[in-house]
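**Q** The structure is given below, and queries will be raised subsequently.
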Amino acid sequence: MSGVEIRGTLVIDGERCKGCELCIPACPPAVLRMSEARNGSGYAYPELLPGCTGCGACLMVCPDFCFEVYRYDEPIVLEGGTP
Amino acid sequence: MSDDLRVIQTDSPPAEGACRTQGFGSPLQLSEEHDLCPGCGEPVALRAILDAVETLDLAQRAIGVVGIGCYTALTSLIDLDLIQALHGRAPSVATGAKRMRPDSLLFTLQGDGDMVNEGLQEVIHAAARGENVTCILLNNGVFGETGGHMTATTVLGQRTKNSLEGRDAAYHGHPILIADLLSRLGGAGYVARASVHDAPGVARARRYLERAFESQMKGEGFSFVEILTMCPTGWFVPTAEGPGYLDDVLAPIHQLGELKRDGALVEPD
Amino acid sequence: MSAATSRRLMEGSEAIAEAAIAAGCRFFAGYPMTPFTELLEHLARRLPEEGGTCINAESEIEAIGMAWGAAATGARAATGSTGQGLSLMQESLSEITRAEIPLVVFNMARGQGDYFQATRGGGHGDYRHIVLAPIDASEAVAHTQLAFDLADRWRHPVLVMGDYLLAHTSEAVAVERVAFDPQPSKDWAVDGSLGGSGRSRNLNPIGMEKGSKGIDPDRFWRRLQEKQDRIEAAEPRHETFATEDAELVVVAYGTVARFARYVVQELRAEGAKVGLFRPITLWPFPSEALAACTAGATRVACLEQNAGQMIDDVRLAVLGRAPVVPIGGISTDPAGFGIGRLLDAAVVRGRVEAALAGRELDTGVVV
Numbered sequence: 217m218s219g220v221e222i223r224g225t226l227v228i229d230g231e232r233c234k235g236c237e238l239c240i241p242a243c244p245p246a247v248l249r250m251s252e253a254r255n256g257s258g259y260a261y262p263e264l265l266p267g268c269t270g271c272g273a274c275l276m277v278c279p280d281f282c283f284e285v286y287r288y289d290e291p292i293v294l295e296g297g298t299p
Numbered sequence: 120m121s122d123d124l125r126v127i128q129t130d131s132p133p134a135e136g137a138c139r140t141q142g143f144g145s146p147l148q149l150s151e152e153h154d155l156c157p158g159c160g161e162p163v164a165l166r167a168i169l170d171a172v173e174t175l176d177l178a179q180r181a182i183g184v185v186g187i188g189c190y191t192a193l194t195s196l197i198d199l200d201l202i203q204a205l206h207g208r209a210p211s212v213a214t215g216a217k218r219m220r221p222d223s224l225l226f227t228l229q230g231d232g233d234m235v236n237e238g239l240q241e242v243i244h245a246a247a248r249g250e251n252v253t254c255i256l257l258n259n260g261v262f263g264e265t266g267g268h269m270t271a272t273t274v275l276g277q278r279t280k281n282s283l284e285g286r287d288a289a290y291h292g293h294p295i296l297i298a299d300l301l302s303r304l305g306g307a308g309y310v311a312r313a314s315v316h317d318a319p320g321v322a323r324a325r326r327y328l329e330r331a332f333e334s335q336m337k338g339e340g341f342s343f344v345e346i347l348t349m350c351p352t353g354w355f356v357p358t359a360e361g362p363g364y365l366d367d368v369l370a371p372i373h374q375l376g377e378l379k380r381d382g383a384l385v386e387p388d
Numbered sequence: 274m275s276a277a278t279s280r281r282l283m284e285g286s287e288a289i290a291e292a293a294i295a296a297g298c299r300f301f302a303g304y305p306m307t308p309f310t311e312l313l314e315h316l317a318r319r320l321p322e323e324g325g326t327c328i329n330a331e332s333e334i335e336a337i338g339m340a341w342g343a344a345a346t347g348a349r350a351a352t353g354s355t356g357q358g359l360s361l362m363q364e365s366l367s368e369i370t371r372a373e374i375p376l377v378v379f380n381m382a383r384g385q386g387d388y389f390q391a392t393r394g395g396g397h398g399d400y401r402h403i404v405l406a407p408i409d410a411s412e413a414v415a416h417t418q419l420a421f422d423l424a425d426r427w428r429h430p431v432l433v434m435g436d437y438l439l440a441h442t443s444e445a446v447a448v449e450r451v452a453f454d455p456q457p458s459k460d461w462a463v464d465g466s467l468g469g470s471g472r473s474r475n476l477n478p479i480g481m482e483k484g485s486k487g488i489d490p491d492r493f494w495r496r497l498q499e500k501q502d503r504i505e506a507a508e509p510r511h512e513t514f515a516t517e518d519a520e521l522v523v524v525a526y527g528t529v530a531r532f533a534r535y536v537v538q539e540l541r542a543e544g545a546k547v548g549l550f551r552p553i554t555l556w557p558f559p560s561e562a563l564a565a566c567t568a569g570a571t572r573v574a575c576l577e578q579n580a581g582q583m584i585d586d587v588r589l590a591v592l593g594r595a596p597v598v599p600i601g602g603i604s605t606d607p608a609g610f611g612i613g614r615l616l617d618a619a620v621v622r623g624r625v626e627a628a629l630a631g632r633e634l635d636t637g638v639v640v
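Sequence lines, in order, name chains V, X and F.
Taken in order, the first sequence gives residues 217 to 299; the numbers are from the working numbering.
Taken in order, the second sequence gives residues 120 to 388; the numbers are from the working numbering.
Taken in order, the third sequence gives residues 274 to 640; the numbers are from the working numbering.
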């Protein structure tokens, strides 16, 4: 039984996002992907998958200030891991 | 909302057991809303600047002098005292302000068209005078605000709206490598070139900005940080390809790194 | 309060420099150019003695940029040049006016060819500057101090129009500090102190405001125009001599008016019904006063050392109630500094007499 350790999480303002995708390759654990859905302006926006480390790289490269970064006091281990 | 069960809910903060480490914008921002293009590097650079001011606890001593370019639209977000200058003229405006407020942190914010085209003489003389200010250049190699036209920093071969087949040395002339030029002037104490095309680049930009500001506060003379920024609109590339374009096209010519520190030229690695 | 009440022989440039310092000017930047150069020289020597700064700028464009930055911090700051250098500064002057930054600018002009530049804004956009035109060094001392007072009071640039004669003529002058009403606080000035407070400032010439996207130039420009309307109503200044029963009113400004005043006094003593109207502010032009004191005149004569610029404002004030004739003209020395044969009481007298007699003048020929 493998698990995914989650050390951090994000609040993502998907409505403000302009869909530039700069955050996708910037994420070291590669747990961001673009949505299939569109926001009110018609842009895809990032979604977070399990495995965030709370490093803030997404926030650093985001031109539209769409990320707020949180770090868990104790890492959460999500059982089941990646399918 | 995705129906993929793995997607984590990111609409609101975690209920408990977590602390916020970074907010949407800098604490020195009044708002996060702006109308710059998707994938623009300038808001990223702005945040790096505000982070450097915040880290050094200089917010209540900072005066920014802003040129004219896309980034001008960001000034409404900045919670620092600002003077809006003319295109090209920020270094002399900063000079007068710094002479009257010698204890302040005085920085300029200019683009490549502003600083290296229209106002080249201003920044050169400010550097040569050893004016104790920090000039910050957001260099994307194009006039972004007009829609992607050639500037003095456009690299050879780069396609712009008025160099459609690519900048040709014989026809359009050569780019000016402004950080390299300024580093050779006696009055310049700190000169560096950074980028914001990836997270390590942004971290480096912050570090250079902090060093430049520290240099100014120590009275070491003119300091200069050039930041390469993405302009996918003006480069005619998809936003996701902006960082790669910066890395492949601009950075080999406008090379990243510190050029001068403590008044001494830094030898290339 | 200055104790300086004794007169000293000094050229106009030095008198202006001392007056600027008396007014609290602590920043100056300029680029040498005849006949402005000596003002820069005096301030370069004197300002550091007073704890101020004078920068020998790399161009007039940088000179006004530096003065812009200094004034933006709330310091009393000035720059200057001659008309040619002022041309280079116009882009900044336009923006400084719109950013409502108080700046004093000296034009040590070559003759009076810069009247339009001074009074029509000079650069881009809808604006005018306050323009003071001293007749001699003593008045220049008063005007220089008034310029700093008006600039701060209105948050508006003020131009002091001098010329070669004013700048280079030595006269016995007392630089006495002029007392003015208290000024409003300069809480608009940037000092860096409000960073992170949510109330930080932006001295902005295009109407951008903190915290809101976009601008409203229509509202912004209307607000500035409303201020200029108030300046136009409040600040016209003029001087008259013997205009009450004058059949001929001579209109002249600056050092040229000094010749006119001498000639009008001389002719009055001889019984001629001639008077002098001297605009002290070229903008706002004292139109109402000129209209009032030419109401009974049969003729108005405009003496200016150019091809005819102020005469437009004179005609707009007189509005056809009397003929307005030019009695000045282009008149300069071989170097082009504006010291022409017109600047001679005998020549001016001949022209005023011709106007009195209703004779046509060829203003292209100095007789």
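Backbone N, C-alpha and C define an ideal beta-carbon position, used for all residues, glycine too.
Since the structure is predicted, the reported quantities are computational estimates derived from the model, not experimental observations.
Which residue marks the beginning of the beta strand (DSSP E) containing Ser-314 of chain X, and which one marks its end?
**A** Working through the second sequence from its first residue, we reach residue 314 of chain X at position 195. Run containing Ser-314 of chain X: 307 to 314, per the beta strand (DSSP E) assignment.
**Q** Please confirm whether Ile-202 of chain X has its beta-carbon closer than 8 Å to some beta-carbon of chain V.
**A** As a working note, residue 202 of chain X is residue 83 in the second sequence. With 8 Å as the cut-off, Ile-202 of chain X does not count as an interface residue toward chain V.
**Q** By alpha-carbon positions, which one of X:Ala-137, X:Ala-134 and X:Thr-214 ends up nearest to Cys-327 of chain F?
**A** As a position in the third sequence, residue 327 of chain F is number 54, starting the count at 1. The residue with the shortest Cα to Cα distance from Cys-327 of chain F is X:Thr-214.
**Q** In its own chain, which residues sit with a C-beta less than 7 Å from the C-beta of His-291 of chain X, not counting the 5 before and 5 after it?
**A** Along the second sequence, read from residue 1 onward, the residue named residue 291 of chain X stands at position 172. So the qualifying residues of the chain are Met-269 and Ser-282.
**Q** What whole-angstrom Cβ distance do Ser-150 of chain X and Gly-484 of chain F have, given they're in contact under 8 Å?
**A** The residue you call residue 150 of chain X lines up with position 31 of the second sequence. The residue you call residue 484 of chain F lines up with position 211 of the third sequence. That belief holds up - the Cβ atoms of Ser-150 of chain X and Gly-484 of chain F are roughly 6 Å apart, short of 8 Å.
**Q** In chain order, what residues of the same chain have a beta carbon less than 6 Å from the beta carbon of Glu-221 of chain V, not counting five sequence neighbours either side?
**A** Position 5 of the first sequence holds residue 221 of chain V. Around Glu-221 of chain V: Pro-291 and Val-293.
**Q** Could you check what DSSP says for Val-463 of chain F in three-state terms: helix, strand or coil?
**A** Numbered from its first residue, the third sequence carries residue 463 of chain F at position 190. Correct three-state label for Val-463 of chain F: coil.
**Q** Hey, quick one: how far does the alpha helix (DSSP H) through Ala-420 of chain F stretch, first residue to last?
**A** Start at 1 with the first residue of the third sequence, and residue 420 of chain F comes out as number 147. From DSSP, the alpha helix (DSSP H) with Ala-420 of chain F extends over 410 to 427.
**Q** In terms of residue numbering, what span does the beta strand (DSSP E) encompassing Phe-610 of chain F cover?
**A** For the purposes of this step, residue 610 of chain F is taken as the residue at position 337 of the third sequence. Note, Phe-610 of chain F: premise wrong, no beta strand (DSSP E); not H, not E.
**Q** Kindly identify the DSSP beta-bridge partner or partners of Ala-641 of chain F.
**A** Residue 641 of chain F falls outside the range modelled here, since chain F spans only 274 to 640, and no answer is possible.
**Q** When the cut-off is 8 Å and only beta carbons count, does Ala-372 of chain F lie next to chain X?
**A** For this step, residue 372 of chain F is matched to residue 99 along the third sequence. Closer than 8 Å to some Cβ of chain X, the Cβ of Ala-372 of chain F qualifies, so yes.
**Q** When you compare each of F:Ile-294, F:Glu-499, F:Thr-355 and F:Asp-585 to Ala-336 of chain F by their alpha carbons, which one comes out closest?
**A** The count along the third sequence starts at 1 and reaches residue 336 of chain F at position 63. Closest by alpha carbon: F:Thr-355.
**Q** Between Pro-375 of chain F and chain X, is any beta-carbon pair separated by less than 8 Å?
**A** Sequence index remark: in the third sequence, residue 375 of chain F carries index 102 (1-based). Output row for Pro-375 of chain F: interface = no.
**Q** My parser needs the alpha helix (DSSP H) runs of 4 or more residues fully inside the region 317 to 357 of chain F; what are they?
**A** Qualifying alpha helix (DSSP H) stretches, in chain order: 333 to 345.
**Q** Which residues in the same chain have their Cβ closer than 6 Å to the Cβ of Ser-560 of chain F, if we skip the five residues on either side of it in sequence?
**A** Taking the third sequence and counting its residues from 1, the one referred to as residue 560 of chain F is at position 287. The residues are Ala-590.
**Q** Tell me which residues share the same chain as Cys-350 of chain X and place their Cβ nearer than 6 Å to its Cβ, disregarding the 5 neighbours each side in the sequence.
**A** Counted from its first residue, the second sequence places residue 350 of chain X at position 231. Taken in chain order, the residues that qualify are Asn-259, Val-261 and Gly-263.
**Q** Determine the chain X residues that contact Ser-485 of chain F at a beta-carbon separation under 7 Å, and present them in chain order.
**A** Translated into the one-based positions of the third sequence, residue 485 of chain F becomes position 212. Residues of chain X passing the Cβ test: Ser-195.
**Q** Could you please give the first and the last residue of the uninterrupted alpha helix (DSSP H) stretch that includes His-244 of chain X?
**A** Working through the second sequence from its first residue, we reach residue 244 of chain X at position 125. Taken as a continuous stretch (DSSP letters only), the alpha helix (DSSP H) holding His-244 of chain X covers 239 to 247.
**Q** Can you list, in chain order, the residues of the region 343 to 361 of chain F whose Cβ is nearer than 9 Å to any Cβ on chain X?
**A** Answer in chain order: Ala-343, Ala-344, Ala-345, Thr-346, Gly-347, Ala-348 and Ala-350.
**Q** Taking only beta-carbon atoms, is Gly-238 of chain X less than 8 Å away from chain V?
**A** Residue mapping note: residue 238 of chain X aligns to position 119 of the second sequence, counting from 1. No, its Cβ sits nowhere closer than 8 Å to a Cβ of chain V.
**Q** Can you check whether the CB of Ala-340 of chain F is closer than 8 Å to the CB of Phe-309 of chain F?
**A** In the third sequence, residue 309 of chain F corresponds to position 36, counting from 1. In the third sequence, residue 340 of chain F corresponds to position 67, counting from 1. No, the pair does not count as a contact, with Cβ atoms beyond the cut-off.
**Q** For Thr-253 of chain X, report the span of its beta strand (DSSP E) as first-last.
**A** Position 134 of the second sequence, counted from the first residue, corresponds to residue 253 of chain X. Here the beta strand (DSSP E) through Thr-253 of chain X covers 253 to 258.
**Q** Name the one or two DSSP bridge partners that Phe-281 of chain V has.
**A** Along the first sequence, read from residue 1 onward, the residue named residue 281 of chain V stands at position 65. According to DSSP, Phe-281 of chain V bridges with nothing at all.
**Q** Contact between the region 223 to 242 of chain X and the region 188 to 208 of chain X is defined here as three or more beta-carbon pairs at a separation below 8 Å; is this criterion met?
**A** With a cut-off of 8 Å, the region 188 to 208 of chain X and the region 223 to 242 of chain X count as touching, because enough Cβ pairs lie within range.
**Q** Note down, in chain order, each residue of its chain lying with its Cβ closer than 8 Å to the Cβ of Phe-332 of chain X, except the 5 sequence neighbours on either side.
**A** The residue you call residue 332 of chain X lines up with position 213 of the second sequence. Excluding sequence neighbours, Phe-332 of chain X sits near Ala-171, Val-172, Leu-175, Leu-177, Leu-224, Phe-226, Thr-253 and Ser-342.
**Q** What residues from chain V crowd round Leu-155 of chain X, counting only those whose CB sits closer than 8 Å?
**A** Looking up residue 155 of chain X in the second sequence gives position 36. In chain order: Pro-279.
**Q** Here's the rule I'm using: 16 or more other beta-carbon atoms within 10 Å means buried, otherwise exposed. How should Cys-566 of chain F be labelled?
**A** In the third sequence, residue 566 of chain F corresponds to position 293, counting from 1. Buried.
**Q** Once DSSP output is grouped into helix, strand and coil, what is the label at Glu-295 of chain V?
**A** Taking the first residue of the first sequence as 1, we reach residue 295 of chain V at position 79. Glu-295 of chain V: strand per DSSP, three-state reduction.
**Q** Excluding the 5 residues flanking Gly-256 of chain V on each side, which residues of the same chain have their C-beta closer than 8 Å to its C-beta?
**A** Stepping through the first sequence from its first residue, residue 256 of chain V is reached at position 40. Cβ neighbours of Gly-256 of chain V beyond the five flanking positions: Glu-231.
**Q** Residues of chain V with CB closer than 8 Å to the CB of Cys-138 of chain X, please, in chain order.
**A** On the second sequence, position 19 is the one that residue 138 of chain X refers to. Here the neighbours are Tyr-286, Arg-287 and Asp-289.
**Q** Give a yes or no on whether the minimum CB-CB distance between Phe-300 of chain F and chain X is below 8 Å.
**A** Numbered from its first residue, the third sequence carries residue 300 of chain F at position 27. Yes, because at least one Cβ of chain X sits closer than 8 Å to the Cβ of Phe-300 of chain F.
**Q** What does Arg-180 of chain X reach in chain F if we use C-beta pairs closer than 8 Å?
**A** Position 61 of the second sequence, counted from the first residue, corresponds to residue 180 of chain X. The contacting residues are Gly-465, Ser-466 and Gly-468.
**Q** With distances taken between CB atoms, is the gap from Leu-282 of chain F to Ala-445 of chain F smaller than 8 Å?
**A** If you number the third sequence from 1, residue 282 of chain F lands on position 9. If you number the third sequence from 1, residue 445 of chain F lands on position 172. In contact: Leu-282 of chain F and Ala-445 of chain F (Cβ atoms closer than 8 Å).
**Q** Closest by CA to Gly-581 of chain F, which one among F:Leu-616, F:Ala-525 and F:Gly-623?
**A** For the purposes of this step, residue 581 of chain F is taken as residue 308 along the third sequence, with counting starting at 1. Checked all of F:Leu-616, F:Ala-525 and F:Gly-623; the closest Cα to Gly-581 of chain F is F:Ala-525.
**Q** State the DSSP-derived secondary structure class of Gln-456 of chain F, mapped to helix, strand or coil.
**A** Along the third sequence, read from residue 1 onward, the residue named residue 456 of chain F stands at position 183. If DSSP states are grouped into helix, strand and coil, Gln-456 of chain F belongs with coil.
**Q** Considering Cα atoms alone, identify which of F:Pro-490, F:Leu-467 and F:Leu-521 is closest to Ile-197 of chain X.
**A** Indexing the second sequence from 1 puts residue 197 of chain X at position 78. Ranking F:Pro-490, F:Leu-467 and F:Leu-521 by Cα distance to Ile-197 of chain X puts F:Leu-467 first.
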